[in-house]
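Down below is the structure, laid out as structure tokens.
Protein chains: 2
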Amino acid sequence: MTNNNKKGFVLWFTGFSAAGKTTIADKVHELLKHNGNRLERLDGDIVRKNLTQDLGFSKEDRDENIRRIGFVANLLSRNDIGVIASFISPYRAQREMLRENVTNFIEIFVDAPIEVCESRDPKGMYKKARAGELKNFTGVDDPYEPPENPDIHLLSSEHSPDDLAKVVLSFLRTNDYID
Amino acid sequence: MTNNNKKGFVLWFTGFSAAGKTTIADKVHELLKHNGNRLERLDGDIVRKNLTQDLGFSKEDRDENIRRIGFVANLLSRNDIGVIASFISPYRAQREMLRENVTNFIEIFVDAPIEVCESRDPKGMYKKARAGELKNFTGVDDPYEPPENPDIHLLSSEHSPDDLAKVVLSFLRTNDYID
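Chains as they are written, first to last, in our numbering: chain W, 214 to 392; chain D, 214 to 392.
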């Protein structure tokens, strides 16, 4: 199998629910796949099914969730695989733990105002959270600690997912992760 | 990084505690590393710390344990990495689940009579299990279902770890996993 990665990396998309993490991550995935890069996608659906079925949304469970994903992401990255991971990952300390433990960790802040995310609400989750039917929902009754110094800062309410995906690819080229 | 694997694989060492799984797996690791193969080692210590801290030794927990490890092993194997995994993995259905879900799964039965394993008892685990201080210990008060048709069958009370490691390498060459 070909692999046009010059080294492994972990693109870690963090931000509110409905900020655009998955949409942008999917675009990035598409562009890189087309480019012949060896990739694995890690997101909530994949990970909940295979790795973290037992975990809920308490602080403790969220920490354990991110720790397991970080372990897997690092195994792939240090073997020259590109990982595309999208998780709310609301706590700064979690993401710092990842930066310390994961080979070539790249923090991408998908930044949109909570009002914009809430008005999108594609799965009706914010509505449920406001109604008290969902507990510990980030941005409603659980905190989000924005990155202070992300590797890439994407203003997702101001630019199109296509344009933002190109920003990510350009970062990977400039920093010598891909050709 | 070089990688002399022709494709990814998962060497899955199953057998009683103290049957010699880890010793043989370490020898195989050494030989393959020397050969320039890209490898990851998964064993109880690595996995308990990073992936399965929450799990005990009930049937249900053992199943979940193997399911998580299988997920990770498959991510690596399908990206051309060689995985060396040693786990008691006592249930046939668990190992069949792995065979179905894990790319290039190779079942290696490290076969020694329970009496031999118990007489070795390097960590005093059998002693504790016989004394009732450890519950659900495979071979004492928990079952082991031997593979009926393993890819490699190693009689570890009759041959040296060095010789058995060579059997594994020869299997990998013959079946076109490595040069």
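Backbone N, C-alpha and C define an ideal beta-carbon position, used for all residues, glycine too.
Fair warning: this is a prediction, and the values are worked out from it, not measured in the lab.
Beta bridge counterpart(s) of L368/D as assigned by DSSP:
Taking the first residue of the second sequence as position 1, residue 368/D is located at position 155. DSSP output for L368/D lists D324/D as bridge partner(s).
Within the stretch 223 to 250 of chain D, ranges of the beta strand (DSSP E) (whole runs, at least 3 residues)
Within the stretch 223 to 250 of chain D, no complete beta strand (DSSP E) run reaches 3 residues.
Counted within 10 angstroms of its Cβ, other Cβ atoms place N368/D as buried (16 or more) or exposed
The residue you call residue 368/D lines up with position 155 of the second sequence. The sequence shown places Leu at residue 368/D, rather than the Asn named in the question. Exposed is the call here.
Inter-residue Cα distance where the pair is I321/W and A378/W:
Here residue 321/W refers to the residue found at position 108 of the first sequence. Here residue 378/W refers to the residue found at position 165 of the first sequence. Each residue's alpha carbon lies about 11 Å from the other.
Between which two residues does the alpha helix (DSSP H) containing V380/W stretch?
Along the first sequence, read from residue 1 onward, the residue named residue 380/W stands at position 167. Element bounds for V380/W: P374 to T387.
Verify whether the separation of the beta carbon atoms of A231/D and V323/D is less than 7 Å.
Here residue 231/D corresponds to residue number 18 of the second sequence, with the count starting at 1. Here residue 323/D corresponds to residue number 110 of the second sequence, with the count starting at 1. Result no, Cβ atoms of A231/D and V323/D do not sit closer than 7 Å.
Alpha-carbon to alpha-carbon, Y390/D and S373/D
Within the second sequence, numbered from 1, the residue matching residue 373/D stands at position 160. Within the second sequence, numbered from 1, the residue matching residue 390/D stands at position 177. If you draw a straight line from the Cα of S373/D to the Cα of Y390/D, it comes to about 24 Å.
Does DSSP classify G257/D as helix, strand or coil?
For the purposes of this step, residue 257/D is identified with residue 44 of the second sequence, where counting begins at 1. If DSSP states are grouped into helix, strand and coil, G257/D belongs with the helices.
Can you check the stretch 287 to 343 of chain D for any beta strand (DSSP E) of at least 3 residues that lies completely inside it and give the ranges in chain order?
295 to 299 and 318 to 324
Among the residues of its own chain, which have a CB less than 8 Å from the CB of I282/W, if the five just before and after it don't count?
Within the first sequence, numbered from 1, the residue matching residue 282/W stands at position 69. Excluding residues within five positions, the ones whose Cβ falls inside 8 Å are L255, V260, L264, T265, A298 and F300.
Sufficient close CB pairs (3 or more, under 8 Å) joining the stretch 228 to 247 of chain W to the stretch 267 to 281 of chain W:
Output reads no: the stretch 267 to 281 of chain W does not touch the stretch 228 to 247 of chain W.
Answer yes or no: do L289/D and E253/D have a C-beta to C-beta separation smaller than 7 Å?
Looking up residue 289/D in the second sequence gives position 76. Looking up residue 253/D in the second sequence gives position 40. Going by C-beta atoms, L289/D is nearer than 7 Å to E253/D.
Quick one: does R386/W have its CB under 7 Å from some CB of chain D?
As a position in the first sequence, residue 386/W is number 173, starting the count at 1. With its beta carbon at least 7 Å from every one in chain D, R386/W lies outside the interface.
Is D293/W closer than 7 Å to G171/W when the C-beta atoms are compared?
In the structure as shown, chain W starts at 214 and stops at 392, and residue 171/W therefore has no counterpart that could be examined.
Measure the Cβ-Cβ separation of F270/W and N217/W and say whether it is below 7 Å.
For the purposes of this step, residue 270/W is taken as residue 57 along the first sequence, with counting starting at 1. For the purposes of this step, residue 217/W is taken as residue 4 along the first sequence, with counting starting at 1. Not in contact: F270/W and N217/W (Cβ atoms no closer than 7 Å).
Return the CA-CA distance between K340/D and F226/W, expressed in angstroms with no decimal places.
The sequence position of residue 340/D within the second sequence is 127, counting from 1. The sequence position of residue 226/W within the first sequence is 13, counting from 1. Computed Cα separation, rounded: 49 Å.
Reduced DSSP category for N263/D - H, G, I as helix; E, B as strand; rest coil:
Locating residue 263/D in the second sequence gives position 50, where the first residue counts as 1. Helix, per DSSP.
Give the single residue among F229/W, G228/W, L245/W and R251/W whose Cα lies nearest to the Cα of V381/W.
Looking up residue 381/W in the first sequence gives position 168. Measuring from the Cα of V381/W, the nearest candidate turns out to be L245/W.
Closer than 7 Å, CB to CB, is I294/W near chain D or not?
Along the first sequence, read from residue 1 onward, the residue named residue 294/W stands at position 81. So, interface residue.
Just to make sure I have the definition right: I need the residues of chain D whose C-beta is within less than 9 Å of the C-beta of D267/W. Which are they?
In the first sequence, counting from the first residue as 1, residue 267/W sits at position 54. Contact note: D267/W reaches chain D through D267, L268 and E277, using a C-beta cutoff of 9 Å and chain order.
Length of the line joining the Cα atoms of V353/D and A342/W:
In the second sequence, counting from the first residue as 1, residue 353/D sits at position 140. In the first sequence, counting from the first residue as 1, residue 342/W sits at position 129. Taking the straight line from one Cα to the other gives about 50 Å.
So P303/W and P363/W are in contact, right, with Cβ under 8 Å, and what is the actual spacing, rounded?
On the first sequence, position 90 is the one that residue 303/W refers to. On the first sequence, position 150 is the one that residue 363/W refers to. That pair is no contact at about 14 Å.
My output table needs one value for D355/D: the three-state DSSP class, helix, strand or coil.
Start at 1 with the first residue of the second sequence, and residue 355/D comes out as number 142. Three-state DSSP puts D355/D in a strand.
When we look at the beta-carbon of G249/D and count the other beta-carbons within 10 Å, is it buried (16 or more) or exposed?
Residue 249/D sits at position 36 when you count from the first residue of the second sequence. Around the C-beta of G249/D, fewer than 16 other C-beta atoms lie within 10 Å, and the residue is accordingly described as exposed.
Reference E273/D, options Q307/D, K240/D and R291/D, closest by Cα:
As a first step, residue 273/D is located in the second sequence; it is residue number 60 there, counting from the start. Out of Q307/D, K240/D and R291/D, Q307/D has the C-alpha closest to the C-alpha of E273/D.
When the Cα of C330/W is compared with those of E243/W, G295/W, H366/W and E371/W, which residue comes out closest?
Residue mapping note: residue 330/W aligns to position 117 of the first sequence, counting from 1. When each option's Cα is compared against that of C330/W, the closest is E371/W.
Do we get a CB-CB distance below 7 Å when we pair L367/D with the residues of chain W?
Within the second sequence, residue 367/D is the residue found at index 154, counting from 1. Not closer than 7 Å to any Cβ of chain W, the Cβ of L367/D fails to qualify, so no.
Could you tell me whether the Cβ atoms of V241/W and A286/W are closer together than 7 Å?
The sequence position of residue 241/W within the first sequence is 28, counting from 1. The sequence position of residue 286/W within the first sequence is 73, counting from 1. Their beta carbons are not under 7 Å apart, which means V241/W does not touch A286/W by this criterion.
Taking C-alpha atoms, which residue in T215/W, A238/W and G228/W lies nearest to D376/W?
As a working mapping, residue 376/W is identified with position 163 in the first sequence. Among T215/W, A238/W and G228/W, the Cα nearest to that of D376/W is on A238/W.
Between N314/W and the rest of its own chain, which residues show a CB-CB distance below 7 Å, the 5 nearest in sequence each way excluded?
Position 101 of the first sequence holds residue 314/W. Closer than 7 Å at Cβ, skipping near neighbours: G283 and N287.
Closer than 8 Å, Cβ to Cβ, to anything on chain D: give me those residues from the stretch 222 to 252 of chain W, in chain order.
R251
Applying a beta-carbon distance threshold of less than 8 Å, which residues of chain D neighbour N263/W?
Position 50 of the first sequence, counting from 1, holds the residue named residue 263/W. Correct list: R280, R281 and F284.
I'd like to know if L311/W contacts chain D, where contact means its C-beta is closer than 7 Å to some C-beta of that chain.
Here residue 311/W corresponds to residue number 98 of the first sequence, with the count starting at 1. Chain D contact via Cβ: absent.
Three-state class that DSSP yields for N218/W in the structure shown
Start at 1 with the first residue of the first sequence, and residue 218/W comes out as number 5. N218/W falls in the strand class under three-state DSSP.
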